[in-house]
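Have a look at the structure below before the remarks.
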Amino acid sequence: MTDAELPVRAATPDDFPKASALLFGLFHRAIDREAQDLDRRVWDADRTLVVADGDEVVAHTFAAARDLTVPGAVIPAAHITGVGVAPTHRRRGLLTRLMRRQLRDLRDAGQESLAVLWASEARIYPRFGYGLASTRLDLTIDNREVRLPEATAVGRLRAGSPADFQPELVKVYDALRPERPGWSSRDESWWAQVLMDTPEGRAGSTERRVVLHEGEGGVDGYALWRSKSSWSATGPNAEVHVSEIAAADPGTYVALWRFLLGIDLARTVTYGFAAVDDPLLYLASDPRQLNTHFSDGLWARLVDLPAALTARRYATGVDVVFEVSDPILPENAGRWRVTGGAGGATCERTTAEADLACDITELGAAYLGGTSLAALAAAGRVRELRPGALNPASTAFGWHRLPTAPEVF
Ligand SMILES: CC(=O)SCCNC(=O)CCNC(=O)[C@H](O)C(C)(C)COP(=O)(O)OP(=O)(O)OC[C@H]1O[C@@H](n2cnc3c(N)ncnc32)[C@H](O)[C@@H]1OP(=O)(O)O
């Protein structure tokens, strides 16, 4: 059988070991049994597609069912992960067939109007209608160069392990999540993924640690971190790696960062998930010393255009007609009128003249309120057909805070 004839099929539970081994290999990781067991807990054969060649699984994709916070709402969104094609079968169209089938299945199932993913390589997914919807800053901070204001929160810090504090982490995360576009729901299995801490995964660092902030009303913030010992000719040189930080108010945020930047014997503090409008930029005595590196975050794809554009809220009143192309899901193509604002919106087919024209990829990019339609227009990717239509629509599709996704899934 040639690759072109190898069928894409729904997975069965028996496919997991081979699919998992395929993915460990593709990501150049030695098989880690503990990590595999945790992966198995989130994996769902009913939401997975594979291609098999004889006994081998040679291609795989999984659409996890989770909620995602979007501007003004929390909606079900397919979280696409575990995408891979065996090196023996690459560049022969298997990914293309998997992606097309996955979008078709999601559309037909009708449960999710949006799909999101993290891309291993940023070039892969725009061709399938995924637009760059959230961005992030990777920080590498020399802790001697950055000063923060005195902590104003009245509270105390408690240190421990994730096992000691998991209920508190869940409580803080779930309290903040509905207001943070880009944050995904975590059931017990997804928390186990986030807190996964296998010896293989540590790569010479300590086990994962937690610092909690407890204010007058109870726990209101936490950070997850680990560290790596190092000594230089001039003395201590350890690194602190922060993987997540969540705080209910500015005072708590300062208190947590003062702790992280003040850990003895460390010189460098890294954090890969700062928002492009992260408060730390405005707290640091010298923001340049945060040593930021810009990167992409979530890529978003509208699966059901009218359902998705109705589900989110808009920063200001909006009344705009889009002419949309979507070669993969033609139901999304054509002319759509979006009307509404901060309280809700409708999106309906129309025969009215179009104001703006774009591909479905650009609506995915703009969906979380972090990529402006005006910026996309400046790049030639949104076209203004009615003069004056672009700027108000771009403002309405924005949001008061930039989306930021705290976790690579
Ligand atoms: C959401 C996630 O899980 S992200 C993880 C993605 N997986 C990985 O990075 C693991 C390692 N890589 C792989 O498994 C594979 O190379 C994949 C999945 C990225 C691509 O699979 P393939 O079956 O080779 O892709 P396919 O043959 O369908 O290629 C489709 C098009 O995308 C292009 N393309 C595919 N992968 C890449 C890439 N990494 N960089 C640039 N272009 C790419 C191909 O050139 C092709 O373009 P063309 O139609 O103009 O010729």
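Per my numbering, residue 14 is the first one in the sequence shown, and the count goes up by one each step. C-beta: ideal position from N, C-alpha, C; glycine also. These numbers were taken from a predicted model, which means no experiment stands behind them.
For residue j and residue i, believed in contact at Cβ under 8 Å, the rounded distance
i, j, result
"Leu-152", "Asn-304", "6 Å"
"Ile-154", "Leu-127", "Going by Cβ atoms, the distance from Ile-154 to Leu-127 rounds to 34 Å, so no, they are not a contact pair."
"Val-64", "Leu-107", "6 Å"
"Gly-356", "Val-331", "Actually they are not in contact, since the Cβ atoms of Gly-356 and Val-331 sit about 11 Å apart, beyond 8 Å."
"Ala-12", "Glu-125", "With the chain covering only 14 through 422, there is no way to say anything about residue 12."
"Arg-271", "Ala-164", "6 Å"
"Leu-62", "Arg-136", "At roughly 22 Å, the Cβ-Cβ gap does not stay under 8 Å, so Leu-62 and Arg-136 are not in contact."
"Ala-370", "Glu-336", "4 Å"
"Ala-76", "Leu-119", "6 Å"
"Thr-359", "Ala-409", "The pair is not a contact, with the Cβ atoms about 14 Å apart (cut-off 8 Å)."
"Arg-9", "Ala-205", "Nothing about residue 9 can be reported from this structure: the residues present for the chain run from 14 to 422 only."
Separation of residue j from residue i, as counted between CA atoms
i, j, result
"Ala-279", "Thr-74", "40 Å"
"Thr-265", "Gln-179", "19 Å"
"Gly-411", "Thr-417", "14 Å"
"Ala-86", "Ser-385", "19 Å"
"Leu-225", "Arg-239", "14 Å"
"Pro-343", "Ser-198", "30 Å"
"Ala-406", "Asp-52", "41 Å"
"Val-71", "Asp-317", "29 Å"
"Tyr-235", "Glu-420", "15 Å"
"Ser-133", "Thr-94", "10 Å"
"Leu-35", "Gly-97", "8 Å"
"Leu-296", "Val-267", "8 Å"
"Ile-341", "Gly-285", "33 Å"
"Arg-326", "Arg-149", "23 Å"
"Val-207", "Val-129", "17 Å"
"Thr-323", "Pro-194", "16 Å"
"Asp-277", "Pro-249", "9 Å"
"Arg-79", "Trp-244", "43 Å"
"Arg-42", "Thr-211", "13 Å"
"Val-185", "Asp-66", "46 Å"
"Arg-104", "Gly-142", "19 Å"
"Asp-339", "Gly-347", "9 Å"
"His-413", "Asp-290", "10 Å"
"Ala-320", "Trp-349", "12 Å"
"Phe-422", "Val-21", "23 Å"
"Leu-273", "His-254", "9 Å"
"Ser-256", "Leu-237", "6 Å"
"Arg-362", "Ala-23", "33 Å"
"Phe-307", "Val-232", "31 Å"
"Ala-402", "Ser-298", "41 Å"
"Asn-156", "Ala-390", "40 Å"
"Met-209", "Ala-379", "32 Å"
"Arg-399", "Leu-269", "49 Å"
Whether residue i touches residue j by CB criterion (8 Å)
i, j, result
"Pro-139", "Thr-374", "yes"
"Asp-368", "Val-334", "yes"
"Glu-435", "Thr-283", "Limits of the chain in this structure are 14 at one end and 422 at the other, which puts residue 435 out of reach."
"Asn-345", "Leu-315", "yes"
"Arg-222", "Ala-260", "no"
"Gly-168", "Glu-227", "yes"
"Ala-58", "Thr-82", "no"
"Gln-302", "Glu-397", "no"
"Gly-214", "Ala-32", "no"
"Ala-6", "Leu-415", "Since the first residue of the chain shown is 14 and the last is 422, residue 6 is not available in this structure."
"Phe-29", "Trp-56", "yes"
"Pro-263", "Pro-300", "no"
"Leu-311", "Trp-196", "no"
Any C-beta of chain C under 8 Å from that of residue i
i, result
"Pro-343", "Of the protein chains in the structure, only one exists, and it is not chain C."
Buried versus exposed, by CB contacts within 10 Å (16 or more), residue i
i, result
"Val-351", "buried"
"Asn-404", "exposed"
"Ser-147", "buried"
"Ile-44", "exposed"
"Glu-192", "exposed"
"Ala-392", "exposed"
"Glu-18", "exposed"
"Gly-377", "buried"
"Pro-84", "buried"
"Arg-60", "buried"
"Glu-181", "buried"
"Asp-187", "exposed"
"Glu-201", "exposed"
"Asp-121", "exposed"
"Asp-372", "buried"
"Ala-313", "buried"
"Gly-217", "exposed"
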